[in-house]
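Okay, so here's the structure we're looking at.
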Amino acid sequence: MTSVQTEQQDLIFGSLNDQQRAAVEHINGPVLILAGAGSGKTRALTHRIAFLIQQGVAPWQILSVTFTNKAATEMKERIKNLLHLVEEDSDFGFRSTDFKTGRLPVMGTFHSICVRILRRDIEKLGRDRNFVIYDSDDQEKLMKQVLKELHIEEAELKPRAALAYIGRFKSEALNPKEAQEQATSDRMQKVAQAYARFQTRLREANAMDFDDLILETVRLFHECPDVLSRYQETWKYLHVDEYQDTNHAQYLFITMLAQKYGNLCVIGDPDQSIYGFRGADIRNILEFEKDYPKAIRIKLERNYRSTQPILTAADAVIAANPNRPEKRMWTERTEGPQIIVNEVRDERREAEEAIRAVQDIQRQGTALREQVILYRTHAQSRLFEEACMRAGIPYRILGGVKFYGRKEVKDVLAYLYVILNPNDTVSMLRIINIPSRKIGDTTLGKLQAHAAARSLSLWDTLLDVQNVTDLDGGTKARIDTFTRIILKYKELLARDVVSVLARDLIDELKMEDWLKEGTQEGEERWLNVQELLTVMRKYDSLEPQVSLTSFLEEVALVSEVDKLTEGRSDALTLMTLHLCKGLEFEHVIIVGCEEGLFPHSNSMFDKEQLEEERRIMYVGMTRARTWLRLMFAQNRFLWGENKSGAPSRFLDDLPDAVVERRSDDMLSAFAWATGSAEQRMRGGKLEPFRQHADVDIEFKQDMSFDDASQENDADVGSRIEHPTFGRGTVIARRGDIVDIQFDGGKKKTFALSIAPLKVI
DNA sequence: CCCGCTTACGTTTTT
DNA sequence: CGTAAGCGGG
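The number in the working numbering is simply the position in the first sequence, starting from 1, with 10 added.
Below you can see the structure in the form of structure tokens.
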């Protein structure tokens with residue numbers, strides 16, 4: 011071995027624990043890595059890939075599927091450092107259609123990888139490689155048209171509902187025909203019908219939605235064995251991160267690739283599966299060893315992120331879920347602040363208190379970028395945003411009204427889509443009257459009738475507008491103006507990069523004038539357009555047409571979390587619990603911990619959905635390194651009504667030993683210290699429960715008194731002794747958490763790793 | 001065809 | 001409550 015190689019080996023293995031090392035070393039055959047929260051799985055994965063390369067595997071033979079583009083970028087960076095790769099090729103992943111180049115592995119989300127495959131090979135399915143990608147907004151517009159065509163009333167089947175069903179079908183890799191065969195009810199027949207028509211329309215527009223990207227790739231593999239075989243030979247080493255959140259279509263994709271060499275390494279944590287609603291199938295990870303009987307299973311159980319109180323609390327919450335693989339997370343950070351459970355009067359107070367807590371921690375020296383407020387639904391964000399503004403705290407919100415979802419931004423993008431592909435009817439309809447050209451529903455109706463009668467596309471009809479009989483001359487002229495603009499820029503496509511093209515277009519459309527309208531809002535919209543132009547400049551160095559397609563591609567596939575890397579400024583982050591997966595912060599505040607909101611009322615009465623809600627809570631809690639605060643409001647203004655809800659049932663599971671309860675008013679602070687959420691719901695009103703306060707205080711003293719209790723391994727039935735409560739019997743055990751019936755009559759819950767218990 | 005007002009409806013969660 | 005679609009008068 012050369013000295014460089016030795017040095018690389020040291021870098022790769024030097025800092026790993028035994029389990030991580032095992033994960034890195036087992037490079038051949040199927041490997042299942044069960045990686046608990048904060049267990050250094052990204053580290054294991056990057057080191058594993060670096061090791062593969064160091065062992066002589068060509069980088070392009072390695073495929074790694076990540077959950078976000080941000081994760082892919084970060085991992086590439088780390089691999090570069092491990093291998094001392096100095097050259098800049100961070101952009102390689104997106105643009106090249108030739109996979110067998112580059113000094114870094116192919117990394118990206120399922121969606122971005124599939125797009126690259128399709129751009130390269132989809133012509134083998136008889137489709138055009140310049141397809142556009144429809145987002146949910148576009149989908150909804152198209153579905154509305156489809157339902158209209160099929161004479162399905164909105165009351166019978168709402169576009170969103172139809173799309174939700176279709177999404178289900180697609181994630182299960184069912185085509186319209188199969189959906190039809192499955193449909194038993196009248197309603198599902200209609201859905202299947204809509205599905206079929208929807209796909210036809212997509213195809214006519216040369217468009218795909220997100221799910222199609224995966225499905226069409228699977229279909230391509232299926233129908234063109236030579237293509238599949240080529241990719242199997244290219245990517246001999248496969249990795250999938252966050253495997254617990256893959257759906258069936260994604261499962262098929264990766265399974266087909268793995269068929270030949272079987273070098274598939276999947277990483278995940280069943281306790282963090284939170285995307286069931288969009289078809290993620292937790293069985294993919296739970297049954298991996300059935301699919302691959304020879305799989306090696308590695309568990310990463312050491313947590314490098316959080317303090318013991320945080321782990322204990324999170325563990326206690328997740329322990330209530332059934333059918334979990336055995337897992338015992340541990341940390342060397344045995345000391346840490348208590349989890350704060352904070353009761354407030356109402357949602358306004360909640361926002362104020364949360365911001366105050368953030369400022370508190372900030373004063374102690376933790377930057378805002380290290381802090382986050384997590385909520386269950388986007389709708390909750392507004393009050394926190396307002397509280398930030400009042401307090402003068404810089405913040406950034408992920409999700410909600412997305413930048414690329416803004417009307418003015420989508421308008422510009424729609425122009426670009428149409429210039430690239432005039433058959434994109436959804437985009438065409440979006441912009442044909444923007445800015446106003448007096449082409450309204452009446453005119454469009456006539457155009458569409460003309461198109462239908464001659465089976466022309468809308469675009470061809472526009473080109474042929476002089477022959478549309480029942481339009482007056484003025485209208486024809488205005489349509490002509492529009493077509494000319496599109497044709498003009500279509501020609502410029504070969505000459506101008508996207509930023510130049512778009513700038514000229516925006517000038518020609520006089521967007522600044524009609525966007526601004528002299529209002530504050532208008533000013534902001536214009537700024538958004540300029541911001542978009544700035545983003546485009548990143549693509550200036552590419553070939554003109556490639557610069558446009560690359561730009562549109564990246565825009566279509568950016569996730570909210572990808573944007574976290576943008577902007578270096580120090581700001582507090584606000585986002586939904588779903589978006590926080592894979593991230594970590596010094597200080598985490600989870601708000602709205604109330605029955606009906608979290609767990610959400612739509613998920614409260616279904617066993618499996620409720621389990622998923624619990625996992626969402628687990629994910630949120632385990633993002634915290636040092637401080638964790640859970641908040642709930644006694645009253646909340648929801649849907650125009652003031653509702654008083656019970657604290658979330660998840661709070662019931664927190665062991666008293668690691669919790670400090672705070673409240674707007676002390677009397678009610680302890681009111682809910684005992685009794686289940688369900689009981690409190692039934693009882694309606696909260697009941698003062700002062701006598702338990704002293705028990706809590708007593709208990710806290712026990713904490714400091716503890717030192718040598720970690721070795722205890724009590725199981726159900728074990729007799730134990732506690733310095734304050736005396737002797738008792740373990741009556742239940744869930745991981746680190748035990749319930750103890752004391753001989754004196756009291757029943758208490760403890761965390762084994764913390765409580766001063768002695769097995770006797 | 002456009003604008004402004006009224007009404008209906010909604011809130012899970014996302015690539 | 002807040003927003004977005006929908007309607008009717010200009």
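By construction, the Cβ of each residue, glycine as well, lies at the ideal position given by its N, Cα and C atoms.
Assigned with DSSP and collapsed to three states, TRP637 falls in strand.
Straight-line measurement puts the Cα of ILE349 at about 44 angstroms from the Cα of LEU225.
In this structure, DSSP gives THR16 a helical state, which the three-state scheme calls helix. The beta-carbon separation of ARG359 and ASP674, rounded to 6 angstroms, stays under the 8 angstroms limit for a contact.
Exclusion of the five residues before and after LYS417 leaves no residue of its chain whose Cβ lies closer than 7 angstroms to its Cβ. Using a Cβ distance threshold of 8 angstroms, ILE284 and GLU604 do not count as a contacting pair. Sequence-distant Cβ neighbours of TYR499 in its own chain, meaning closer than 7 angstroms and more than five residues away, are ILE429, LEU511 and LEU515.
Using a Cβ distance threshold of 8 angstroms, GLN64 and GLN15 count as a contacting pair. DSSP places GLY177 in the uninterrupted alpha helix (DSSP H) bounded by 169-181. For the pair ASN331 and ARG624, the Cα-to-Cα distance works out to about 8 angstroms. Judged by DSSP secondary structure, THR586 falls outside any alpha helix (DSSP H) and instead within the beta strand (DSSP E) spanning 582-586.
By the Cβ criterion, the region 625-642 is in contact with the region 586-603, since at least three pairs of Cβ atoms, one from each stretch, lie closer than 8 angstroms. Annotated three-state conformation of LEU525 is helix, per DSSP. Within the region 426-453, the runs of alpha helix (DSSP H) at least 4 residues long that lie entirely inside it are, in chain order, 435-441. Beta-carbon to beta-carbon, ALA45 and LEU378 are separated by about 29 angstroms, too far to satisfy the 8 angstroms threshold.
Following the DSSP letters along the chain, one finds ILE496 inside the alpha helix (DSSP H) bounded by residues 483-502.
Contact between the region 157-171 and the region 124-140 is absent, with fewer than three C-beta pairs closer than 8 angstroms.
Membership of MET218 in any alpha helix (DSSP H) is not indicated; the residue belongs instead to the beta strand (DSSP E) covering 217-219. Note on the region 345-399: whole beta strand (DSSP E) runs with a minimum of 3 residues are 349-356 and 381-385, in chain order. Across the structure, LEU230 and LEU135 are spaced so that their CA atoms are roughly 7 angstroms apart.
When only Cα atoms are considered, LEU542 and PHE179 end up about 35 angstroms apart. Counting of Cβ neighbours within 10 angstroms places ALA183 among the buried residues, the total reaching 16 or more. When the alpha-carbon of GLY655 is set against those of LEU607, ARG639, ALA189 and PHE120, the nearest one is in LEU607.
GLY592 and ALA81 do touch by the CB rule: their CB atoms are close to 6 angstroms apart, below 8 angstroms. Proximity to LEU128 across GLU518, THR210 and THR227 peaks at THR227, based on C-alpha coordinates. With contacts defined as CB atoms closer than 8 angstroms, ALA215 and ILE162 fail to qualify as a contacting pair. Nearest neighbour of VAL769 by Cα position, chosen from ILE741, ARG737 and ASP753, turns out to be ARG737. GLY177 and LEU638 have their C-alpha atoms roughly 35 angstroms apart.
Under the 10 Å beta carbon count, ILE264 is surrounded by 16 or more other beta carbons and is classified as buried. Looking at the backbone, the Cα of ARG547 and that of SER560 are separated by about 12 angstroms. Bridge pairing for TRP340: ARG312 [DSSP].
If you check the CB distance, ALA643 and ASP356 come in under 8 angstroms.
Contact between the region 500-509 and the region 550-560 is present, with at least three C-beta pairs closer than 8 angstroms.
The continuous stretches of beta strand (DSSP E) do not include VAL507, and DSSP gives it neither H nor E.
Assignment of LEU558 by DSSP, reduced to helix, strand and coil, places it in the helix class. Between VAL436 and TYR144, the CB-CB gap stays under 8 angstroms.
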